[in-house]
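> Quick note, the sequences are listed as chains G and F, same order. Following numbering that gives the first Met the number 0, the numbering of the first sequence begins with 0 at its first residue and continues without gaps. Following numbering that gives the first Met the number 0, the numbering of the second sequence begins with 0 at its first residue and continues without gaps. Don't be surprised by glycine CBs; every beta carbon is placed ideally from N, CA and C.
There are 2 protein chains.
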Amino acid sequence: MFSRTCEHAIRAVIYVSCQSAKGKRCGIAEISVAVDAPESFTAKILQDLVKKGLMGSAKGPKGGFYLTQEMSECSMADVVRAIDGEHLFEGCALGLRQCSEKRPCPLHHEFKKIRSEIRTMLEHSRLGAFSDNLTNKIAFLKR
Amino acid sequence: MFSRTCEHAIRAVIYVSCQSAKGKRCGIAEISVAVDAPESFTAKILQDLVKKGLMGSAKGPKGGFYLTQEMSECSMADVVRAIDGEHLFEGCALGLRQCSEKRPCPLHHEFKKIRSEIRTMLEHSRLGAFSDNLTNKIAFLKR
DNA sequence: TTAATAAAGGAGTATTTTGTCTTTTATTAA
DNA sequence: TTAATAAAAGACAAAATACTCCTTTATTAA
Chain G
0 MFSRTCEHAI
10 RAVIYVSCQS
20 AKGKRCGIAE
30 ISVAVDAPES
40 FTAKILQDLV
50 KKGLMGSAKG
60 PKGGFYLTQE
70 MSECSMADVV
80 RAIDGEHLFE
90 GCALGLRQCS
100 EKRPCPLHHE
110 FKKIRSEIRT
120 MLEHSRLGAF
130 SDNLTNKIAF
140 LKR
Chain F
0 MFSRTCEHAI
10 RAVIYVSCQS
20 AKGKRCGIAE
30 ISVAVDAPES
40 FTAKILQDLV
50 KKGLMGSAKG
60 PKGGFYLTQE
70 MSECSMADVV
80 RAIDGEHLFE
90 GCALGLRQCS
100 EKRPCPLHHE
110 FKKIRSEIRT
120 MLEHSRLGAF
130 SDNLTNKIAF
140 LKR
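#1: Pick out the complete beta strand (DSSP E) segments inside the region 13-57 of chain F, 3 residues or longer, and give them in chain order.
#2: In chain F, which residues lie less than 9 Å from R102 (chain G) when you measure between Cβ atoms?
#3: Among residues of its own chain, excluding the 5 on either side of E143 (chain F), which ones have a beta-carbon nearer than 7 Å to its beta-carbon?
#4: With a threshold of 8 Å between beta carbons, is P105 (chain G) in contact with chain F?
#5: Using the beta-carbon of each residue, which ones in chain F are nearer than 7 Å to E72 (chain G)?
#6: With distance defined between alpha-carbon atoms, name the residue in G:R118, G:C91 and G:H108 nearest to E6 (chain F).
#7: Quick one: which unbroken beta strand (DSSP E) runs of 3-plus residues sit fully inside the region 55-137 of chain F? Chain order, please.
#8: Pull up the distance between the alpha-carbon of S130 (chain G) and that of T119 (chain F), whole angstroms please.
#9: Please list, in chain order, the chain G residues whose beta carbon lies closer than 7 Å to that of G94 (chain F).
#10: Indicate whether at least one CB of chain G lies closer than 8 Å to the CB of I82 (chain F).
#11: Output, in chain order, the set of chain F residues within a Cβ distance shorter than 9 Å of S124 (chain G).
#12: Please state whether the Cβ-Cβ distance between M75 (chain G) and S124 (chain G) is less than 8 Å.
#13: List, in chain order, every chain F residue whose beta-carbon is nearer than 9 Å to that of R10 (chain G).
#14: Which bits of chain G does M113 (chain F) rub up against, with CB to CB less than 8 Å?
#15: Less than 8 Å between the CB atoms is what I'm expecting for L66 (chain G) and A11 (chain G), so what's the real figure, rounded?
#16: Throw me the rounded Cβ distance for the R3 (chain F) and G94 (chain G) pair, which I believe falls under 8 Å.
#17: Could you pull out every residue in the same chain whose Cβ sits closer than 8 Å to the Cβ of G62 (chain G), ignoring the five residues on either side in sequence?
#18: Express the C-alpha separation of K141 (chain G) and A28 (chain G) in angstroms, rounding to a whole number.
#19: What number of angstroms, rounded off, separates the C-alpha of K51 (chain G) from the C-alpha of C104 (chain G)?
#20: Any heavy atom of the ligand MG closer than 7 Å to the Cβ of Q68 (chain G)?
#21: Under the three-state reduction of DSSP, which class applies to R10 (chain F): helix, strand or coil?
#22: Should L133 (chain F) be flagged as near chain G, meaning a C-beta pair shorter than 8 Å?
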């Protein structure tokens, strides 16, 4: 569904969002432990998210990663798009480059529904929406 | 969604099903052209499907691949399972190894629905069901 | 019974994805 | 202004996936 990189990204972003909600910045060391992802790889992924404006970062002591209020209103779909691109939302299930309504693959109509549900679901999930469940241990991030 | 290998597998199996419906066996050369997939790779993939009983094959002249009546009643889910394993149906969207109802990842409940729809859709798609649309050029397989 | 055909099997190569390591740059505070 | 901290950047390394090629085995039919 998502690339592994994207899985790491989503877990990290949720963790950071959760910490930001408590007014805390966090460093990669802390994040990578919290979401059980390789540290340097996580660093690279977050770098990417920062470049794409989905996360904030500050260098030096007291630095770290964070989400602004605005960022925490971004959707999961934005994160997925930033890392994996449009593929999940647009791509043909059978890999046909020019699969379309007019020239559909045999699974096109069935998958259309699924894809649109995935999209809708991800578009409606705000990054900030998961903090509470995490904080109250109703949801988990460790692999 | 599916691995590329699995995309090739599904396209090939649909093509073979379609030919079998017309009483024709087909060789890898023909299949790989029809579904626009690399020939030797397709050969390997079909080998796998044959081993797993989802397709039949015969060596020598007049040989080739085919689906029996019984095989054409298998589901797309069977093909996906044979190639990509259970992951699509079971795996956690965020890659948590022990994501479950009791210890869910933050997206667990949202994804549960999606996954079950994917499964249902694939379980209900019989391999034999696509021949007509292909034959009548209502659906296509070329990448 | 031999030649031709076609899949099976095995041992690779190539590409992409995942992940690491080291150096550089920016920020803070003593 | 210097030492410590922490992210950014860039160049690699490892692993997984995608794909190829060559040899072997089975089948058919002349």
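This is what the structure holds:
#1: 55-57
#2: A138 and F139
#3: Look at the range of chain F in this structure, 0 to 142, and you will see that residue 143 (chain F) is not part of it.
#4: yes
#5: The premise fails here: E72 (chain G) is roughly 16 Å from chain F at the closest Cβ pair, so nothing lies under 7 Å.
#6: G:C91
#7: 55-57 and 63-65
#8: 32 Å
#9: R3, E6 and R142
#10: no
#11: P105, L106 and E109
#12: yes
#13: L93, G94, L95, C104 and P105
#14: Checking the sequence, you will find Ile at residue 113 (chain F) rather than Met. What I113 (chain F) touches in chain G: I113, E116, I117 and M120.
#15: At roughly 11 Å, the Cβ-Cβ gap does not stay under 8 Å, so L66 (chain G) and A11 (chain G) are not in contact.
#16: 6 Å
#17: R24, G26 and S56
#18: 14 Å
#19: 33 Å
#20: The model depicted lacks the ligand MG and carries no ligand whatsoever.
#21: helix
#22: yes
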